[in-house]
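With my numbering applied, the sequence shown covers 6 to 160.
Glycine included, every Cβ here is placed at the ideal spot set by N, Cα and C.
Note that the structure is a prediction, hence the values are computed from the model and not measured.
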Amino acid sequence: MIKLIGGLMLALTGVVLAASIYRFEQKKLKVIDAFIALLFHIKGQIDCFCLPLCDIVDNMPGGLEILRGRRLPSDFESMLEDNKIYLDEESYRLLECFYLEFGSMYREEQLRRCDYYIEALGEQRRQLFADLPARAKIGGALCICSAIGLLIILW
Numbered sequence: 006m007i008k009l010i011g012g013l014m015l016a017l018t019g020v021v022l023a024a025s026i027y028r029f030e031q032k033k034l035k036v037i038d039a040f041i042a043l044l045f046h047i048k049g050q051i052d053c054f055c056l057p058l059c060d061i062v063d064n065m066p067g068g069l070e071i072l073r074g075r076r077l078p079s080d081f082e083s084m085l086e087d088n089k090i091y092l093d094e095e096s097y098r099l100l101e102c103f104y105l106e107f108g109s110m111y112r113e114e115q116l117r118r119c120d121y122y123i124e125a126l127g128e129q130r131r132q133l134f135a136d137l138p139a140r141a142k143i144g145g146a147l148c149i150c151s152a153i154g155l156l157i158i159l160w
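Right under this line is the structure:
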């Protein structure tokens, strides 16, 4: 009876890990969507009000709360660091470059740079969306197969 309970616990652990991997992959997509929306918001604030980045981030729309970390008030750099785990290398590099060059050029050039980064992140998002089903299936299959393999070994 104890072997049966242990086996069920191992199988359940594999299923829970598979579900966690799927949620993690979904969160990656939500985070990149939120950063794209934030760049649109930043572009609008620059275009209309010429606000600095810290004021723009302080007045973020409510739908972008997924980006806010544990630290309040948060700035763009802390949001980037808090969400680093959800961003691939290229997306992180793009957002870091955006942050580093923000405010170092005139308004029109800054608006063009916002458009460039929105387009570049949009391409990263399309690639992530295309890879999402395969990555979620592979992660789920690995977790479940590992749990079943461990169950067989320990039985």
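Under the three-pair Cβ rule at 8 Å, the stretch 9–19 does not count as touching the stretch 62–71. The beta carbon of Lys35 lies closer than 7 Å to those of Ile71 in the same chain, with the five residues before and after it left out. In terms of CA proximity to Glu101, Glu86 leads the group Glu86, Tyr91 and Leu17.
With a 10 Å radius around the Cβ and a threshold of 16 neighbouring Cβ atoms, Ala146 comes out exposed. Scanning Ile61, Phe29, Thr18 and Ile7 for the CA closest to the CA of Leu137 turns up Phe29. For Leu43, the uninterrupted alpha helix (DSSP H) segment begins and ends at Ile7 to Phe54.
Contact between Cys53 and Arg112 is ruled out by a C-beta separation of about 11 Å, above the 8 Å threshold.
Rounded to the nearest angstrom, the Cβ distance from Leu116 to Lys32 is 30 Å, too far for a contact under 8 Å. Straight-line measurement puts the Cα of Arg118 at about 50 Å from the Cα of Leu15. With 16 or more other Cβ atoms from the protein chains shown falling within 10 Å of its own Cβ, Gln129 counts as buried. Boundaries of the alpha helix (DSSP H) harbouring Gly144: Arg112 to Leu159, taken from the DSSP string.
Per DSSP, reduced to three states, the secondary structure at Asp80 is coil, with no helix or strand assignment. Shown here, Asp93 sits in coil according to DSSP, grouped into three states, outside any helix or strand.
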